[in-house]
Amino acid sequence: MSGPGLRSGQLAEAAGVNPQTLRYYERRGLLASPRRSPGGHRLYPSDTVTLLRVIKTAQRLGFTLNEVADLLDAGRHQHRNQSDTGLQARAREKLAEVERKLADLAVIRDTLRAAISAGCDDLVACAGSSCCPLPFAELAGPAERTNCADTC
Numbered sequence: 023m024s025g026p027g028l029r030s031g032q033l034a035e036a037a038g039v040n041p042q043t044l045r046y047y048e049r050r051g052l053l054a055s056p057r058r059s060p061g062g063h064r065l066y067p068s069d070t071v072t073l074l075r076v077i078k079t080a081q082r083l084g085f086t087l088n089e090v091a092d093l094l095d096a097g098r099h100q101h102r103n104q105s106d107t108g109l110q111a112r113a114r115e116k117l118a119e120v121e122r123k124l125a126d127l128a129v130i131r132d133t134l135r136a137a138i139s140a141g142c143d144d145l146v147a148c149a150g151s152s153c154c155p156l157p158f159a160e161l162a163g164p165a166e167r168t169n170c171a172d173t174c
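Take the working numbering: the final residue in the sequence shown is number 174, and no numbers are missing along the way.
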């Protein structure tokens with residue numbers, strides 16, 4: 023490393039993280055333990071700023087810290103076959119997960135819109151109504167259902 027390096031506070035500020043995050047990432051193995059100054063201060067290489075930004079960006083994309091650690095490890099060992107562990111494979115898996123969540127959210131959105139349109143105002147009363155669009159209406163037996171005009 024050229025130069026003295028960045029102290030914890032400097033690094034945290036430059037990367038936009040909390041100083042405690044640095045120690046946590048060290049414990050998790052995401053960051054290498056830094057060298058120490060003669061006074062005992064942690065001194066990080068300047069390229070650690072980029073690494074921290076990569077970690078935070080991966081988290082914003084939905085990767086867990088364990089997944090980030092695996093991706094970083096795969097990147098450090100590029101000589102291995104990465105067909106099942108590299109960024110491309112992991113990004114495809116994460117994209118499929120996000121698309122499933124989006125589909126679930128679309129159903130939730132549409133159901134809430136239908137509940138608003140139906141004028142549902144009382145969850146308990148609507149639960150027994152055959153016209154209630156909320157999913158629990160399907161749980162009510164025929165004898166428990168009431169007239170739509172009476173509830174929704």
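Yeah, the Cβ is synthetic: ideal placement off N, Cα and C, and Gly gets one too.
Check: Span separating the alpha-carbon of Ala-128 from that of Leu-33; Outcome: 40 Å
Check: Enclosing alpha helix (DSSP H) for Gly-175 [first to last residue]; Outcome: Coverage of the chain is limited to positions 23 through 174, which leaves residue 175 absent and any answer about it impossible.
Check: Touch test, the segment 60-79 against the segment 112-125, Cβ-Cβ under 8 Å, three pairs minimum; Outcome: no
Check: Segment contact, 8 Å Cβ cut-off, at least three pairs: the segment 88-100 with the segment 53-62; Outcome: no
Check: Distance between beta carbons of Leu-28 and Leu-65, contact taken as under 8 Å; Outcome: 7 Å
Check: Residue burial classification, Leu-44 (beta-carbon count within 10 angstroms, cutoff 16); Outcome: buried
Check: Leu-145 versus Asp-132 - alpha carbon distance; Outcome: 17 Å
Check: Enclosing alpha helix (DSSP H) for Cys-13 [first to last residue]; Outcome: In the structure displayed, the chain extends from 23 to 174; residue 13 sits before or after that span and is not available.
Check: Residue of Arg-50, Val-71, Gly-61, Pro-67 minimising C-alpha distance to Thr-86; Outcome: Arg-50
Check: Any non-hydrogen atom of the ligand ATP closer than 7 Å to Arg-135 Cβ; Outcome: Looking at this structure, you won't find the ligand ATP or any other ligand, since it has none at all.
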